[in-house]
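Single-structure report; data block below.
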Amino acid sequence: MMKGLKKWRLFSVLAALTIFLSGCGEEYLSTLTPAGQVGRDQFNLLLLSSAIMALVIIVVGIIYVVAIVKFRRSKLGEDFIPKQVEGSHTLEIIWTVIPIILLLILAVPTVFYTYKHADVAGMADVNAEGNKTALTVNVTAKLYWWEFEYPDLGVVTAQELVVPTNEKVYFNLKAADVKHSFWIPTAGGKMDTNVDNVNQFYLEFDKESAGLEQGVFYGKCAELCGPSHALMDFKVKTMNRPDFDAWVAKAKSTEHVAVGDSAKQGEALFSSAGCIGCHATSVAGTGGSMGPNLGTFGDRNRVAGFMDHTKENIKSWINDPQSYKPGNKMPQPEDLNNGKKFTDEQLDALADYLMELSVEK
Numbered sequence: 001m002m003k004g005l006k007k008w009r010l011f012s013v014l015a016a017l018t019i020f021l022s023g024c025g026e027e028y029l030s031t032l033t034p035a036g037q038v039g040r041d042q043f044n045l046l047l048l049s050s051a052i053m054a055l056v057i058i059v060v061g062i063i064y065v066v067a068i069v070k071f072r073r074s075k076l077g078e079d080f081i082p083k084q085v086e087g088s089h090t091l092e093i094i095w096t097v098i099p100i101i102l103l104l105i106l107a108v109p110t111v112f113y114t115y116k117h118a119d120v121a122g123m124a125d126v127n128a129e130g131n132k133t134a135l136t137v138n139v140t141a142k143l144y145w146w147e148f149e150y151p152d153l154g155v156v157t158a159q160e161l162v163v164p165t166n167e168k169v170y171f172n173l174k175a176a177d178v179k180h181s182f183w184i185p186t187a188g189g190k191m192d193t194n195v196d197n198v199n200q201f202y203l204e205f206d207k208e209s210a211g212l213e214q215g216v217f218y219g220k221c222a223e224l225c226g227p228s229h230a231l232m233d234f235k236v237k238t239m240n241r242p243d244f245d246a247w248v249a250k251a252k253s254t255e256h257v258a259v260g261d262s263a264k265q266g267e268a269l270f271s272s273a274g275c276i277g278c279h280a281t282s283v284a285g286t287g288g289s290m291g292p293n294l295g296t297f298g299d300r301n302r303v304a305g306f307m308d309h310t311k312e313n314i315k316s317w318i319n320d321p322q323s324y325k326p327g328n329k330m331p332q333p334e335d336l337n338n339g340k341k342f343t344d345e346q347l348d349a350l351a352d353y354l355m356e357l358s359v360e361k
């Protein structure tokens, strides 16, 4: 009976693992489906290291099986003693040289790609007019959201990185509070953002995200940074260069004006409650605000980086942000509304206003 139960337990564990592993190949999230040259380089290193490990396991397994079969007691008897090879110079050379060769096979391309991906000299290249030719993005990680500033374009976004395809995009990475780590699984990366220094690298994106199931690639914090670390996601929109240039031009020229009556009420409440003190509502400008820039809020596909982009979720988030993202810096509504929760009408107005903050619509 117990033996049967143990088998069912094993089956349950395998079934659970199957459910988790089913999400490993999603095109917008998985390192196994690289969407740029850096991601492909890192994926190839992963294949190389896996192949070396598999080779070692296979060879050792074969030797183990051969030794068991060839020298089994039932075949050779109780008193048989195999040839002793202790102190054999030949064998010592073999099992010293082979690991060295395998390590060199892995180390050479690893060092090469490490230096290649850290080469950011192109970040400073300029054209005949003195304008920079490469796109640079300043990334600032905060508890628990991401700010993306385009210093040469005068544009700032939050929670959503917009980049062109088929060219190098350079990143300056830093943190505003504690150590985080910037990672876009399909594109590569995973580099720390520190408080005391700026890390630099580049990524390339060769596929437009509009064709993906989610319409975006996923980015994540890869460094345990606090109670809401797992919820510190961001999204990446990739588009061809002409579309990106059009997006930048529209972002710099768009002036948000509330249209509907409810949105106008929300705009007034947004200002009177002090939200405007932390959140910019225009993407034109520079970074450094206390809260995420909301200029493209209506274009996002997530609320707070992880909730479905619906009016009800916006209201829920505003009404009690700590219950959804513990440890974040967003004030509770009582701190903004004279010690009281926002009414349902006020929440509707704020949500309607935020949904109208758009560059793409």
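Just so we're aligned, residue 1 is where the sequence shown starts under full-length UniProt numbering, counting upward by one. The beta-carbon is built from N, C-alpha and C at its ideal position, and this holds for glycine as well.
(1) Going along the chain, which residues of its own chain have a beta-carbon closer than 7 Å to the beta-carbon of LYS325, five neighbours each way excluded?
(2) Ordered along the chain, which non-local residues of its own chain (more than five positions away) have a Cβ less than 6 Å from that of GLN42?
(3) So, for THR281: in the same chain, excluding its five sequence neighbours on each side, which residues have a beta-carbon less than 7 Å away from its beta-carbon?
(4) What does a CB cutoff of less than 8 Å around TRP247 pick up in its chain, not counting 5 residues either side in sequence?
(5) What residue range is occupied by the uninterrupted alpha helix (DSSP H) comprising GLY39?
(6) Have a look at the DSSP bridge pairing and note the partners of CYS221.
(7) For ASP177, which option in ASN166, THR193, GLU167 has the closest C-alpha, if you only look at C-alpha atoms?
(8) Starting from PRO164, follow the beta strand (DSSP E) in both directions and report where the run begins and ends.
(9) Excluding the five sequence neighbours on either side, which residues of its own chain have a C-beta within less than 7 Å of the C-beta of residue 366, listed in chain order?
(10) If distances are taken between C-alpha atoms only, which option among LEU336, PHE234, GLU345 comes closest to MET307?
(11) Report yes or no: do the stretch 129-149 and the stretch 99-119 share at least 3 C-beta pairs separated by less than 8 Å?
(12) CB-CB under 8 Å to residue 419, same chain, minus the five flanking residues each way: which ones, in chain order?
(13) Taking only the alpha-carbon atoms, compute the straight-line gap between ALA124 and LYS168 and give it to the nearest angstrom.
(14) State yes or no: is the C-beta of ALA210 within less than 8 Å of the C-beta of PRO292?
(15) In the DSSP assignment, find the alpha helix (DSSP H) that holds TYR144 and state where it starts and stops.
(16) Using the rule of at least 16 other Cβ atoms within 10 Å of the residue's Cβ for burial, across every protein chain shown, is ASP352 buried or exposed?
(17) For ALA175, does the three-state DSSP call read helix, strand or coil?
(18) Helix, strand or coil, according to DSSP, for ASN319 in the structure here?
(19) Rounded to the nearest angstrom, what separates LEU203 and LEU212 at their Cα positions?
(20) For SER12, does the count of other Cβ atoms within 10 angstroms reach 16, so buried, or fall short, so exposed?
(21) PRO164: which of ASP245, SER323, TYR115 sits nearest, CA to CA?
(22) In whole angstroms, what separates the C-alpha of GLU223 from that of PRO109?
(23) In or out: ILE318 buried (at least 16 other Cβ within 10 Å) or exposed?
(24) Taking the beta strand (DSSP E) that VAL236 falls in, what are its first and last residues?
(25) What are the boundary residues of the alpha helix (DSSP H) that LEU203 is part of?
(26) Report, in whole angstroms, the separation of the C-beta atoms of LYS132 and VAL126, which I expect to be a contact under 8 Å.
(27) For ARG300, count neighbouring Cβ atoms within 10 angstroms of its own Cβ and tell me buried if that reaches 16, exposed if not.
(28) Taking LYS311 as the reference, give the member of MET355, LYS237, ASN199 with the closest Cα.
(29) Excluding the five sequence neighbours on either side, which residues of its own chain have a C-beta within less than 8 Å of the C-beta of ASP320, listed in chain order?
(30) Can you tell me whether DSSP reads ALA16 as helix, strand or coil?
(31) Along the chain, where does the alpha helix (DSSP H) containing THR90 start, and where does it finish?
(32) Going by other Cβ atoms of all chains shown within 10 Å of its Cβ, with 16 needed for buried, is ALA175 buried or exposed?
(33) To the nearest angstrom, how far is it from the Cα of ALA268 to the Cα of LYS250?
(34) Measuring only the C-alpha atoms, how far is VAL66 from ILE58?
To lay it out plainly:
(1) TYR144, SER228, LEU231, ALA304
(2) Hits under 6 Å: GLY188.
(3) HIS256, LEU294, GLY295, LEU357
(4) VAL162, MET239, VAL359, GLU360
(5) Run containing GLY39: 37-70, per the alpha helix (DSSP H) assignment.
(6) DSSP lists PHE182 as the beta-bridge partner residues of CYS221.
(7) THR193
(8) 160-164
(9) Only positions 1 to 361 of the chain appear in the structure, and residue 366 is not among them; the question remains open.
(10) PHE234
(11) no
(12) Coverage of the chain is limited to positions 1 through 361, which leaves residue 419 absent and any answer about it impossible.
(13) 12 Å
(14) Contact check for ALA210 against PRO292 fails: the beta carbons are separated by 8 Å or more.
(15) Here TYR144 belongs to no alpha helix (DSSP H), and DSSP marks it neither H nor E.
(16) buried
(17) Here ALA175 sits in strand by DSSP.
(18) Looking at ASN319 - three-state DSSP - the assignment turns out to be helix.
(19) 19 Å
(20) exposed
(21) ASP245
(22) 26 Å
(23) buried
(24) 233-239
(25) First-last for LEU203: 199-204, but that is the beta strand (DSSP E), not the alpha helix (DSSP H).
(26) 6 Å
(27) buried
(28) Nearest of MET355, LYS237, ASN199 to LYS311, Cα basis: MET355.
(29) Counting only Cβ-Cβ distances below 8 Å, and skipping sequence neighbours, we find GLN332, PRO333.
(30) For ALA16, the three-state secondary structure derived from DSSP is helix.
(31) For THR90, the enclosing alpha helix (DSSP H) has its first and last residue at 89-117.
(32) buried
(33) 25 Å
(34) 12 Å
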